[in-house]
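Note sheet for the following structure.
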Amino acid sequence: MAAGRRNAPARPDRGRTLLHRPGRRGRQLAGIPRKTPEGVEPPPRDLLPELQNRLHRQTAAGRGPRGRPLLRAESPLLQRRPVRQSAQRRRRRHQLREGLTMLLSEMIRKKAVRREAVPAFSGHCDVLVAGLGTSGAPAALAAAEAGARVCAVEKLNLPGGTATAGGISGYYYGLPGGRFEKTDALAQQLRVLSFIEGGHFHPDAKIMATDRELTAAGVELRYETGVCGVWLDDDGATVRGARLVSKEGVSDVECRILIDGTGNGDVCALAGAGFTEGRASDGQPQPFSSVRVFRSENRFASANFDAGFTTSTDAAELNRAVIDSNSLHCFPPGGAPPARLYYITQLPGHREARLIECDHTLTAREIIEKNWNVQPFGYAYSNFDSHSIDWAFEDDLGCDWMVGASLWGKNMLAPLSLEFMTVKRFRNLLVVGRAVSVDHLTASLVRMQRCLQKIGEIAGNAAALAVRDEKNDVREIDRAELEKRMRASGCLDESLLPECLFPVEHWAEELATRKPGEAIFYAAQHLDRTRDTLLALLAGPDPDAAIHAALALAIGGDDAGAELLREQIRKRDPYVPATSRNHNYPRLEAEAYLLGRVGTPADAELLLELARERLADYQTFSEAWRGLLTLGERFPEARPGIAAGVLPILEAEDFRLPVLFRNHLIASQARYEPMHNLFRAVTAVRFKKWGIPNRLSAVLSKETLSWREQRLFEQL
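Numbering of the sequence shown is given in this note's numbering, commencing with residue 316 and proceeding in unit increments.
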């Protein structure tokens, strides 16, 4: 028997109803007075059996627990009830009547589950910030400096996230201006006094500067504390607080605004918000990095390399990835490291995790076309710095941008609006950091540290305004006041915005250069204005201009240049453009996948020939494979022939096709990802849709599958 449980004798009447054992409540229902006054004749003793018979006639026949009749009366007063309610049930009924219960949303087996419970709030704040990383710390600081009472919790024992614990102590792109500039200036002062040089800022100096500013602003800091539950009103749309877990145990904190600064959208997912993760084909986010800090000429420096694929939403998979990536920093016997290693950073370098569903999802298409209908309170500025290496599995826009036009290095502007922070279906829940509502490609642009710090500042000020003006919905704040504050801090400054233009006037001339990518993409997006010129170039004397015109037409869905694409594939076109400073893709790869978009069923044989020939060349094989699947989508009659050519390759037990990740400086850190099972899984899902029989499921069942391959396998 469980500890603390009393040994109570068995009750023979346990489980009976009022109609079995007429106690005080039963007498009331039956009309029997508690005490018979003088002059009142007691009711007949057989009143209760008659009442039971009446109930049996009024209800449908049925059997209840232990074979007893299940009685359901037409009158609510005569419905089946326990004789005695436990103290817990009486207390719960009282709480329901008094409105003391709330919904507690918890994560159980990767799903948000809500249940009714009674909070025991031990503290109150206006704004609760979960996560003090690159966005969370500026959010907490901005809200506190704007007058809100702020509590901030962080699972680590330090603030700063990627900038500190993550070892990325410098800026890539992003625009200057904003409250973070003061933090960086203080960190620089501390570095001069106490630390060696290196990086844009010293990580420990930034930790100290951030702690000082948060404390001075009155933020209640709770390190080594996480969020394990979210309290909601019974409408499920209003956050009332959070359940925290720390060294002291579990506690509840009440708040008016909740800001998710975890970077992975953990708190939003915990609350039951919708989200996407990774690309559409297999749910894969960008590769993650592993960062080392080392000594270089009496300075400290950091460097990272792409350590593989993983996901932040699967604990076992994340553990595997961290252990595996840490081992890559060791050098083989006899090997000489390029610099003496200080340490490996605490945080895995996630470039992408959950992307939370908010009021507006910012897409790469909006950014490229500069067509957004939101009010910016700041701007992100960078290239689409995706570290993906398997572009054949990306969507059409991503493949066109990176492979068809080699535009990896093209910088763009993106608006930082309130709408991609206000979580859909919640009134007072905001998300900041890399988990804001963007699509998969845009996530590679807005993740820059300057951008994320601006996002935190915007959200913190918005939360403080909602508190000041007593707005239950953060969407109802005074946006003019928010804009004024962002301009005052330098977060919003249009004078700093680069133009980020495409070659509108001289695009045709650029098609004949070594850097044709911007012209290719511009012409493809405006075929209504460029098609005649493209057709002229297609028949012109310059062979490169003609091929680039064919690529532009194909990206735009026009088959006028399809014959030239076929000709170049037969020649195994060796040309590599120089559009971007890095990561330009051979033109042959673009020709292969685009022929699938504008070719005919007869082109399947040409692409199969290329795939068989380049079986050891990951990029070329993968783009030919993509072209074949695209042809099959367009032409059902081509599917049997495509399957007949592809299946012998993929069903072979010795089929192997690894791909090398970027950014490794020494051989011991070179990371290869086996891709053969992903090709099999994606093809099997597609062939199932087409109704093509195959043995791919049987082959996959014998393999050890990664988490993303397992997801696809479950669809079979």
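Backbone N, C-alpha and C define an ideal beta-carbon position, used for all residues, glycine too.
Boundaries cannot be given for Cys645, as no alpha helix (DSSP H) includes it and DSSP labels it neither H nor E. Secondary structure at Phe624: coil, using DSSP grouped into helix, strand and coil.
By alpha-carbon distance to Gly438, the top candidate from Glu535, Ser752 and Thr530 is Glu535. Proximity to Ser732 across Asn978, Ala758 and Tyr694 peaks at Tyr694, based on C-alpha coordinates. When Cβ pairs closer than 8 Å are counted between the two stretches, the segment 715-730 is seen not to touch the segment 654-668, the count staying below three. Each of Phe516, Ile964 and Gln1030 was checked against the Cα of Asp499, and the nearest Cα belongs to Phe516. Contact between Arg669 and Ala584 holds, with the beta-carbon distance rounding to 6 Å and staying under 8 Å.
Distances from the alpha-carbon of Glu431 to those of Leu443, Ala502 and Trp546 put Trp546 closest.
The Cβ atoms of Leu744 and Leu573 lie closer than 7 Å to each other. Separation of Gly476 and Lys497 (C-alpha to C-alpha, rounded to the nearest whole angstrom) is 18 Å. Per the C-alpha coordinates, the member of Phe609, Glu612, Ser611 and Ser640 positioned closest to Asp621 is Ser640. Take the alpha-carbon of Leu826 and the one of Asn726: they are about 20 Å apart. Its Cα nearest to that of Phe590, the residue Val746 stands out among Glu460, Val746 and Glu528. A check of alpha carbon separations from Ala750 across Gly805, Leu909, Met736 and Ala823 identifies Met736 as the nearest. At the C-beta level, Ala720 and Gly832 come within 7 Å of one another. The DSSP-derived three-state label of Ala985 is coil. Taking C-beta separations shorter than 6 Å and ignoring five residues to either side along the sequence, the partners of Arg571 in its chain run Asp441 and Val782, following chain order. Taking a contact to require three or more Cβ pairs closer than 8 Å, the segment 610-626 and the segment 481-493 qualify as touching. Boundaries for Ala729: no alpha helix (DSSP H) harbours it, while the beta strand (DSSP E) harbouring it runs Asn726 to Ser732, taken from the DSSP string. In the structure shown, the three-state DSSP call for Tyr486 is coil. With three or more CB-CB distances shorter than 8 Å, the segment 897-916 counts as touching the segment 709-724. In this structure, Gly492 keeps its C-beta atom at 7 Å or more from the C-beta atom of Tyr696.
Put simply, of Met417, Leu559, Thr894 and Glu632 the residue whose alpha carbon is nearest the alpha carbon of Asp548 is Met417. Here Ala919 really is in contact with Gly956; their C-beta atoms are around 5 Å apart, less than 8 Å. Ranking Trp1005, Lys1004, Leu456 and Arg995 by CA distance to the CA of Ala1013 puts Arg995 first. Positions of the beta strand (DSSP E) runs, each at least 3 residues long and wholly inside the segment 739-811, are given as 744-746 in order along the chain.
The Cβ atoms of Leu921 and Ile884 sit closer than 7 Å to each other. In the assembly as shown, Val738 is a buried residue. Its beta-carbon has 16 or more other beta-carbons within 10 Å. Spanning the alpha carbons of Thr678 and Val689 requires a straight line of approximately 12 Å.
Here Lys830 is not near Cys806, since their CB atoms are 7 Å or more apart.
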